[in-house]
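Structure record follows, encoded as structure tokens.
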Amino acid sequence: MAKKKLGQHFLRNKEILQRIVNVAEIEPQDKVVEIGAGMGDLTALLIEQAREVIAIEIDPALFRILKERFRQRQNLKLFNQDALKFPYEEIGQFKVVANIPYYITKPIIFRLIEVRNLISMTLTVQKEVAQRFIAVPGSKAYSALSIIVQYYTTAEIKFYIPAKFFSPPPEVESAVIKIQRRTEPAVKVADEKIFFKIVKSAFGQRRKMIANSLKSVVDEPKEFLNKIGINPLKRAEELSIEDFAYITNELCKFCKK
């Protein structure tokens, strides 16, 4: 039985699972990490195409099922542990293919996008979250998450999966999204910590004007924004990633004076 506390919704439709694998574009030399391997239906397809599959499953009962099901497969390594604590930096270049539990979507994305040896992620996630990954300024889905993901990666929704294909069915529709790591960040910033602090502060109070939401970051934000040519009456969702990079770089110049 699926464990609600672990966010388990099993996708067992082989046709849909094969579509996910096709989106991932796995080559024979690839190393693939699967997060939340469940009962191994996606795992079974991955080990036929990849040189090595690392499957991570936190549920001890499912881990035992996986060990028994794939006991004779040499190109599969199984780990019974928390995917958020796995040492991805130590395994060389890899791709992620996973139907991840929805409650850890944001933490696992934040964990993975900073891993330099990550090539790409093909993920089944909640539809609304996938739309936030690709959202543009002015849209309802545009958020700090949009900018953080787009800073490190390019993302594209490939197809949607109705709830009826999962067991038990989730209360939301799902989306398969392909996320590829950029060779260089989308914009150049003088200080990444300040850039992300500005972005998070701005969207933390998204209904406020940018001049008010940046009070925790810069003294006299209204005067500063006017000076650099940014309308202080705008709200966070009206500013592009380039705008946030510009604000960051101008602030860094100001701080050096």
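Counting from 1, position 43 in the sequence shown corresponds to residue 43 in the working numbering; the numbering is continuous, with no gaps. All C-beta atoms, glycine included, are put in the ideal place defined by N, C-alpha and C.
Does the beta-carbon distance from residue i to residue j come in below 7 Å?
i, j, result
"Tyr142", "Ala186", "no"
"Val33", "Phe133", "no"
"Phe86", "Ile56", "yes"
"Val217", "Phe224", "no"
"Leu84", "Leu66", "no"
"Phe254", "Ile198", "no"
"Ala236", "Phe203", "yes"
"Leu62", "Gly38", "yes"
"Ile16", "Ala50", "no"
"Ile177", "Ala144", "no"
"Tyr258", "Gln126", "For the chain, the structure presents residues 1 to 257; residue 258 sits outside this window and is missing."
"Thr248", "Phe195", "yes"
"Val129", "Ala24", "no"
"Cys252", "Ala190", "yes"
From the DSSP secondary-structure annotation, give me the bridge partner or partners of residue i.
i, result
"Met209", "Arg235"
"Gln180", "Ser120 and Thr154"
"Val32", "Val53 and Lys95"
"Phe166", "Leu11"
Could you pull out every residue in the same chain whose Cβ sits closer than 7 Å to the Cβ of residue i, ignoring the five residues on either side in sequence?
i, result
"Glu238", "Pro137 and Gly138"
"Ile288", "Since the first and last residues shown for the chain are 1 and 257, residue 288 lies out of range."
"Ile35", "Ile56, Ala83, Val96, Ala98, Ile100 and Ile108"
"Asn13", "Phe165"
Could you pull out every residue in the same chain whose Cβ sits closer than 6 Å to the Cβ of residue i, ignoring the five residues on either side in sequence?
i, result
"Lys3", "Summary for Lys3: the model assigns pLDDT 46, below 50, so the residue's position carries little reliability; its value from the coordinates is reported in the next sentence. Excluding sequence neighbours, Lys3 sits near nothing in its chain."
"Val21", "Leu45"
"Leu42", "Leu17"
Along the chain, which unbroken stretches of the beta strand (DSSP E) at least 3 residues long are found entirely within the region 70-148?
Within the region 70-148, the runs of beta strand (DSSP E) that reach at least 3 residues and sit entirely inside it are, in chain order, 76-79, 94-99 and 118-126.
Using 8 Å as the cut-off, can you tell me whether the region 163-175 makes contact with the region 8-23, which would need three or more C-beta pairs spanning the two stretches below that distance?
Yes: the two stretches touch, three or more of their Cβ pairs being nearer than 8 Å.
Threshold first: 4 residues or longer. Then list the alpha helix (DSSP H) segments lying entirely within the region 184-208, N to C.
The region 184-208 is shown to contain whole alpha helix (DSSP H) runs of 4 or more residues at 192-204, in chain order.
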